[in-house]
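Asker: Supplied in structure tokens, the structure appears directly below.
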Amino acid sequence: MSEPIDRNISTTPIPQPNAVQSLEKKLAHRPDAQDLVDQNILKAPTSVGRTLQAAQVELDKSKRADQLKHKLERRPDRDNLVQQNILRDTKVAPALQAREASLERARIADKLEHKLEQRPDREDLVQHNILKDSKVAPALQAREASLERARVADKLEHKLEQRPDREDLVQHNILKDSNAAPALQGLASDLQRAKLTDTLSHKLENRPKPEDLVARHILPGDDENAEPAATTSS
Numbered sequence: 545m546s547e548p549i550d551r552n553i554s555t556t557p558i559p560q561p562n563a564v565q566s567l568e569k570k571l572a573h574r575p576d577a578q579d580l581v582d583q584n585i586l587k588a589p590t591s592v593g594r595t596l597q598a599a600q601v602e603l604d605k606s607k608r609a610d611q612l613k614h615k616l617e618r619r620p621d622r623d624n625l626v627q628q629n630i631l632r633d634t635k636v637a638p639a640l641q642a643r644e645a646s647l648e649r650a651r652i653a654d655k656l657e658h659k660l661e662q663r664p665d666r667e668d669l670v671q672h673n674i675l676k677d678s679k680v681a682p683a684l685q686a687r688e689a690s691l692e693r694a695r696v697a698d699k700l701e702h703k704l705e706q707r708p709d710r711e712d713l714v715q716h717n718i719l720k721d722s723n724a725a726p727a728l729q730g731l732a733s734d735l736q737r738a739k740l741t742d743t744l745s746h747k748l749e750n751r752p753k754p755e756d757l758v759a760r761h762i763l764p765g766d767d768e769n770a771e772p773a774a775t776t777s778s
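No gaps in the numbering here: position 193 of the sequence shown is 737 in our numbering, and each next residue is one more.
Written as structure tokens, this is what we have:
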């Protein structure tokens, strides 16, 4: 005959040590209330009474709906999106746009491949000064270019030190001997040319006539021209 079962004895299985440790670990790493609020799992604490919290939630929803409606009203139209390359300017039906885009990419790839086949070789680039004609290893070309720039800079500095001063340039008529400000030197030069033009015009107007030059024996007269001619004929 079997023994009666004591109803006061719990039949719940005793947790194993590993299960207890796992539960304790999960409880230790569970997110706090602020993390749940940040993830919109819990509502942020509020001073509003519970009877008004539902109304506050509805008010927040209405506010967000108004903001969304305002943004939708101000969103750019299709033409603006096309101009900014956000949408494609295509007349193709939406169901065929993916196929059209694939064909366009293939066309661009073929065009690029053709250009790569036609690109100039290294010798042409060297002749056009696009690439350096250097025998230095690629790892050292940057250093070589830096040294070349330093050499050019030194040469330029030396030439600047040897350049003539302003007085020499004025003496050689390369610079104008003007005390005017640089911004006014162009105007001063124009005035000087106008002055010289007026002087020359005045002198041309007052130059002596041929008769005066003959009388002053600067030009030969008609008699002097006739005598050599008569001598020649005789």
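Cβ coordinates follow ideal geometry from the N, Cα and C atoms, glycine included.
No experiment lies behind these values; they were computed from the predicted model shown.
(1) For a test of the three-state rule: what should DSSP assign to residue 651, helix, strand or coil?
(2) On a CA-only basis, which of 701, 675, 585 is nearest residue 665? Give me that one, please.
(3) Do residue 580 and residue 571 come within 7 angstroms of each other at the CB atom, strictly closer than that value?
(4) Would you kindly check if the distance between the Cβ of residue 732 and the Cβ of residue 745 is under 7 angstroms?
(5) At the level of alpha carbons, what is the spacing between residue 680 and residue 713?
(6) Under the assumption that residue 619 contacts residue 631 (Cβ atoms under 8 angstroms), give the Cβ distance between them as a whole number of angstroms.
(7) Let me make sure I understand the geometry here. Which of 634, 655, 719 has the alpha-carbon closest to that of residue 645?
(8) To the nearest angstrom, report how far apart residue 677 and residue 686 are at their CA atoms.
(9) Consult DSSP for residue 606 and reduce its assignment to one of helix, strand or coil.
(10) Suppose you measure from the CA of residue 583 to the CA of residue 575; what does that come to, to the nearest Å?
(11) Residues in the same chain with beta-carbon distance under 8 angstroms from residue 669, minus the five sequence neighbours each way, listed in chain order, please.
(12) Going by C-alpha distance, which of 577, 595, 598, 710 is nearest residue 588?
(13) What is the residue span of the alpha helix (DSSP H) that residue 624 lies within?
(14) Are residue 757 and residue 748 close, meaning C-beta to C-beta below 7 angstroms?
(15) Suppose you measure from the CA of residue 725 to the CA of residue 699; what does that come to, to the nearest Å?
Answerer: Short version:
(1) On the sequence shown, residue 651 is found 107 positions in, with the first residue counted as 1. Note: residue 651 maps to helix in three-state DSSP.
(2) Start at 1 with the first residue of the sequence shown, and residue 665 comes out as number 121. Closest by alpha carbon: 675.
(3) Residue mapping note: residue 571 aligns to position 27 of the sequence shown, counting from 1. Residue mapping note: residue 580 aligns to position 36 of the sequence shown, counting from 1. No, the pair does not count as a contact, with Cβ atoms beyond the cut-off.
(4) In the sequence shown, residue 745 corresponds to position 201, counting from 1. In the sequence shown, residue 732 corresponds to position 188, counting from 1. Contact check for residue 745 against residue 732 fails: the beta carbons are separated by 7 angstroms or more.
(5) Residue 680 sits at position 136 when you count from the first residue of the sequence shown. Residue 713 sits at position 169 when you count from the first residue of the sequence shown. Distance between the alpha carbons of residue 680 and residue 713: 43 angstroms.
(6) Within the sequence shown, the letter at position 75 stands for residue 619. Within the sequence shown, the letter at position 87 stands for residue 631. That pair is no contact at about 12 angstroms.
(7) Counted from its first residue, the sequence shown places residue 645 at position 101. The residue with the shortest Cα to Cα distance from residue 645 is 634.
(8) What you label residue 677 is simply residue 133 of the sequence shown in a count that begins at 1. What you label residue 686 is simply residue 142 of the sequence shown in a count that begins at 1. Distance between the alpha carbons of residue 677 and residue 686: 13 angstroms.
(9) Mapped onto the sequence shown, residue 606 falls at position 62. Reduced to three states, the DSSP call for residue 606 is helix.
(10) Looking up residue 583 in the sequence shown gives position 39. Looking up residue 575 in the sequence shown gives position 31. Whole-angstrom Cα-Cα distance: 10 angstroms.
(11) Residue numbering aside, residue 669 sits at position 125 when the sequence shown is read from its first letter. Listed in chain order, the non-local C-beta contacts of residue 669 below 8 angstroms within the same chain comprise 675, local neighbours out to five positions each way being set aside.
(12) Locating residue 588 in the sequence shown gives position 44, where the first residue counts as 1. Taking residue 588 as reference, the option from 577, 595, 598, 710 with the minimal CA-CA separation is 577.
(13) Sequence index remark: in the sequence shown, residue 624 carries index 80 (1-based). Residues 622-627.
(14) On the sequence shown, position 213 is the one that residue 757 refers to. On the sequence shown, position 204 is the one that residue 748 refers to. The answer is no: Cβ separation not under 7 angstroms.
(15) Position 181 of the sequence shown, counted from the first residue, corresponds to residue 725. Position 155 of the sequence shown, counted from the first residue, corresponds to residue 699. If you take the alpha carbons of residue 725 and residue 699, they lie about 32 angstroms apart.
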